[in-house]
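A short write-up of the structure that comes next.
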Amino acid sequence: MKKILALILMLPIFLSAQELEATVDINVEKLQTINRENLHNFKQSIEDYLNNTKFSGQNWDFDKIQCSFTILFTSAPDEFNYTAQVIVRSLRKVYKSTRNSPMITVNDGNWNFRYERNESLYSNPNIFHPITSFLDYYALLIIAMEQESWEKMAGSDLFSKAFAIANLGANSNFRKGWETGTTYNRFDLVENIQNEKYRTFREAISDYQYGIDIYEKQKAKGQEKIVSLIKVLDALKTKIDYRSLFVKTFFDAKSGELIDHLKDYPDKSVFKTLKTIDPPRISKYDEMLKD
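Okay, so the sequence shown: first residue is 333 according to the working numbering, each after it adds one.
This is the structure in C-alpha cells:
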C-alpha cells in the first residue's frame with residue numbers, strides 16, 4: 333500500500349476540473365433517415381457532456397482518464413426513441429511509461445432512451461434521465477476503477493453513487509439494461525463490485541496494477557504482483573462465482589494484458605488456474621501451455 337501511495341504522490345499534477353478525456357463514435361446505419369436526422373448533433377452532445385462534466389465531486393489533480401464510447405444504434409421504434417449497443421473502454425497510464433493499461437472493456441447491448449434533436453443534457457444525480465444517468469454511471473465506474481488501481485478501496489464513494497443510479501434506472505420506465513437478472517446489466521455489475529465477498533479480489537487489483545507499473549524495470553517482481561491476483565481468485569473459488577459480472581468484466585479488459593506479461597513466467601501452471609477462473613478464454617491459455 334505504501335508503495336502504491338508513493339506512486340500517486342510522485343505523479344505530475346495537472347489541476348483539472350473534469351476527470352475524463354472521452355471520444356465518442358456513433359453508427360446509425362440501421363436507422364431510417366428521419367431518425368438519423370434527429371441525431372444530427374448527438375455525437376458531439378455526448379462527447380461534450382462527458383468531457384465537460386465533473387462527475388466525482390472531488391478535486392481531480394491527475395491526468396484526465398482516456399476513455400471511449402462506441403454507440404451502435406440498433407433500432408428506433410419511433411422518431412425520438414432509440415435502442416443502442418454501447419462499447420465502453422477506458423485506459424490507465426502505466427507509471428513512467430508511454431504504455432497504457434486497459435481498465436474497462438464493456439459491451440452493453442441494452443441502452444434505451446428518448447432523444448430530440450439538439451436536446452440539452454444536464455447532470456442531476458438525484459433524478460433519473462435515460463441518457464445522462466447512463467453516462468454518469470459509466471463515468472463513475474471509469475473514475476472509481478482508476479482510483480482503485482492506485483489505492484485500495486479508493487473508489488468506494490463513486491461506486492456507491494453508481495449503485496444509486498442503477499437503483500433509479502431499475503425502477504424507471506427505461507429499466508431494460510438496468511434490471512438485475514439479465515446476462516449483462518448495470519445493477520449487478522456495481523452490486524458485485526461493492527459486495528463484501530469480492531473485497532479481497534477488488535483489493536488485489538491495486539497490487540496487480542502495481543505489478544504492471546513496475547514490470548518494465550523489475551520484471552520478476554512485477555510478475556509476482558500480477559500472479560498474486562490470480563492466486564487470490566483461486567483461493568476464493570468456493571466463495572465467489574467466477575461467472576459474476578465483476579470477474580467477467582475484469583478479464584474482458586485484462587486477459588490480453590495478463591497473457592502478454594506472463595508469457596515467459598517460469599511457472600506455467602498459472603495458465604491452468606486461469607483456465608478455471610476465466611473459461612471463455614480457455615483456448616488462449618491452452619496456447620500458452622503449449623510453449
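Even for Gly, the Cβ is constructed at its ideal location relative to N, Cα and C. Every value quoted in this text rests on a predicted model; they were computed, and no experiment measured them.
Beta-carbon within less than 8 Å of leucine 594's beta-carbon, same chain only, minus the 5 sequence neighbours each way: which residues are those? As a first step, residue 594 must be located in the sequence shown, where it is residue number 262. Counting only Cβ-Cβ distances below 8 Å, and skipping sequence neighbours, we find Gln555, Ile558, Val559, Val602, Phe603 and Met620.
Would you decide whether proline 344 is buried or exposed? Buried here means 16 or more other CB atoms lie within 10 Å of its CB. One-based indexing of the sequence shown puts residue 344 at position 12. In this prediction, proline 344 scores a pLDDT of 43, lower than 50, which makes its location untrustworthy; the coordinate-derived value is nonetheless stated afterwards. Taking all protein chains shown into account, proline 344 has fewer than 16 neighbouring C-beta atoms within 10 Å of its C-beta and is therefore exposed.
Spatial distance of serine 481 from leucine 590 (CA atoms): Taking the first residue of the sequence shown as position 1, residue 481 is located at position 149. Taking the first residue of the sequence shown as position 1, residue 590 is located at position 258. Taking the CA atoms as reference points, serine 481 sits about 15 Å from leucine 590.
Beta carbon of methionine 477, beta carbon of isoleucine 436: below 8 Å? Translated into positions along the sequence shown, residue 477 becomes position 145. Translated into positions along the sequence shown, residue 436 becomes position 104. Yes, the pair counts as a contact, with Cβ atoms nearer than the cut-off.
Would you say the region 438-453 touches the region 507-514, given that touching needs at least three Cβ pairs under 8 Å? Taking one beta carbon from each stretch, the region 438-453 and the region 507-514 have 3 or more pairs nearer than 8 Å; the two touch.
Could you give the DSSP three-state label for isoleucine 358: helix, strand or coil? Residue numbering aside, residue 358 sits at position 26 when the sequence shown is read from its first letter. DSSP places isoleucine 358 in strand when its eight states are reduced to three.
Pull up the distance between the alpha-carbon of phenylalanine 466 and that of threonine 406, whole angstroms please. Within the sequence shown, numbered from 1, the residue matching residue 466 stands at position 134. Within the sequence shown, numbered from 1, the residue matching residue 406 stands at position 74. Spanning the two alpha carbons is a distance of roughly 17 Å.
Using beta-carbon positions only, say whether proline 462 and arginine 446 come within less than 8 Å of one another. Start at 1 with the first residue of the sequence shown, and residue 462 comes out as number 130. Start at 1 with the first residue of the sequence shown, and residue 446 comes out as number 114. It is a contact, given that the beta carbons lie within the stated cut-off.
Taking the continuous beta strand (DSSP E) assigned at alanine 416, which residues delimit it? As a working mapping, residue 416 is identified with position 84 in the sequence shown. Counting along the chain, alanine 416 sits inside the beta strand (DSSP E) bounded by residues 413-425.
From the DSSP output, in three-state form, read off isoleucine 463 for me. Taking the sequence shown and counting its residues from 1, one reaches residue 463 at position 131. Shown here, isoleucine 463 sits in coil according to DSSP, grouped into three states, outside any helix or strand.
Output needed for leucine 363: all residues of its chain with C-beta closer than 7 Å, excluding positions within five of it in sequence on either side, in chain order. Within the sequence shown, numbered from 1, the residue matching residue 363 stands at position 31. For leucine 363, where only same-chain residues beyond five positions count, the Cβ hits under 7 Å are Phe405 and Ala408.
Using CA atoms only, rank isn't needed, just tell me which of Pro611, Lys375, Ala494 and Asp545 is closest to tyrosine 574. Translated into positions along the sequence shown, residue 574 becomes position 242. The shortest C-alpha separation from tyrosine 574 is found at Pro611.
Using the three-state DSSP reduction, which class does glycine 554 fall into: helix, strand or coil? Translated into the one-based positions of the sequence shown, residue 554 becomes position 222. DSSP places glycine 554 in helix when its eight states are reduced to three.
Residues sharing a beta bridge with threonine 437, DSSP: Reading the sequence shown from its first residue, position 105 is the one you call residue 437. Residue pairing of threonine 437 in beta bridges, as defined by DSSP: Arg421.
Rounded to whole angstroms, what's the CA-CA distance from lysine 335 to tyrosine 542? Just pull it up for me. One-based indexing of the sequence shown puts residue 335 at position 3. One-based indexing of the sequence shown puts residue 542 at position 210. With a pLDDT of only 47 at lysine 335, under the threshold of 50, the placement of this residue in the model should not be trusted; the figure read from the coordinates follows. Cα-Cα distance, rounded: 8 Å.
Which two residues bound the contiguous alpha helix (DSSP H) that contains serine 492? Residue mapping note: residue 492 aligns to position 160 of the sequence shown, counting from 1. Unbroken alpha helix (DSSP H) run through serine 492: 488-502.
Taking the alpha-carbon positions, what's the alanine 502 to aspartate 596 distance? Position 170 of the sequence shown, counted from the start, is the residue given in the question as residue 502. Position 264 of the sequence shown, counted from the start, is the residue given in the question as residue 596. In this model, alanine 502 and aspartate 596 are separated by some 45 Å (Cα to Cα).
Starting from glutamine 398, follow the beta strand (DSSP E) in both directions and report where the run begins and ends. Taking the first residue of the sequence shown as 1, we reach residue 398 at position 66. Per DSSP, glutamine 398 belongs to the beta strand (DSSP E) from 397-407.
Given a cut-off of 8 Å on the beta-carbon distance, is the pair isoleucine 475 and glutamate 351 in contact? Residue 475 sits at position 143 when you count from the first residue of the sequence shown. Residue 351 sits at position 19 when you count from the first residue of the sequence shown. With respect to the 8 Å criterion, isoleucine 475 and glutamate 351 are classified as neighbours on the basis of their beta carbons.
For isoleucine 378, count neighbouring Cβ atoms within 10 angstroms of its own Cβ and tell me buried if that reaches 16, exposed if not. Within the sequence shown, residue 378 is the residue found at index 46, counting from 1. The residue is buried, with at least 16 neighbouring Cβ atoms inside 10 Å.
Taking DSSP's pairing of strands, which residues face glutamate 353 in a bridge? Taking the sequence shown and counting its residues from 1, the one referred to as residue 353 is at position 21. Residue pairing by DSSP places glutamate 353 opposite Gln398 in a beta bridge.
For the alpha helix (DSSP H) that contains lysine 600, what are its first and last residues? For the purposes of this step, residue 600 is taken as residue 268 along the sequence shown, with counting starting at 1. Careful: lysine 600 lies outside any alpha helix (DSSP H) and carries neither H nor E.
Report yes if the CB atom of isoleucine 544 is closer than 8 Å to the CB atom of threonine 605, and no otherwise. Reading the sequence shown from its first residue, position 212 is the one you call residue 544. Reading the sequence shown from its first residue, position 273 is the one you call residue 605. No; because the gap between Cβ atoms is not below 8 Å, this pair is not in contact.
Keeping to the same chain, check which residues put their C-beta closer than 6 Å to that of leucine 341; ignore five residues upstream and five downstream. Here residue 341 corresponds to residue number 9 of the sequence shown, with the count starting at 1. Per-residue confidence for leucine 341 stands at a pLDDT of 42, beneath the threshold of 50, marking its modelled position as unreliable; no derived number is given.
Taking the alpha helix (DSSP H) that isoleucine 367 belongs to, which residues open and close that run? Within the sequence shown, the letter at position 35 stands for residue 367. Rather than isoleucine, the amino acid found at residue 367 in this sequence is asparagine. Bounds of the alpha helix (DSSP H) holding asparagine 367 are 365-370.
C-alpha gap between glutamate 528 and threonine 581, whole angstroms: Working through the sequence shown from its first residue, we reach residue 528 at position 196. Working through the sequence shown from its first residue, we reach residue 581 at position 249. Roughly 17 Å separates the two Cα atoms.
To which residues of the same chain is serine 400 closer than 6 Å at the C-beta, ignoring the five residues directly before and after it? Along the sequence shown, one-based indexing puts residue 400 at 68. Excluding residues within five positions, the ones whose Cβ falls inside 6 Å are Thr355 and Arg421.
Boundaries (first-last residue) of the alpha helix (DSSP H) holding serine 452: One-based indexing of the sequence shown puts residue 452 at position 120. Segment: none, serine 452 is in no alpha helix (DSSP H) and carries neither H nor E.
If we ignore side chains and look at the alpha-carbon of each, how far apart do glutamate 585 and proline 434 end up? Numbered from its first residue, the sequence shown carries residue 585 at position 253. Numbered from its first residue, the sequence shown carries residue 434 at position 102. Strictly speaking, residue 585 in this sequence is alanine, with glutamate absent from that position. Rounded to whole angstroms, the separation of the alpha carbons of proline 434 and alanine 585 is 6 Å.
Name the one or two DSSP bridge partners that tryptophan 443 has. The residue you call residue 443 lines up with position 111 of the sequence shown. Partner residues in the beta bridge of tryptophan 443, as assigned by DSSP, are Ala416.
Residues bridged to asparagine 432 by DSSP? Counting from 1 along the sequence shown, the entry for residue 432 is found at position 100. DSSP, once it has assigned bridges, lists Lys425 as partnering asparagine 432.
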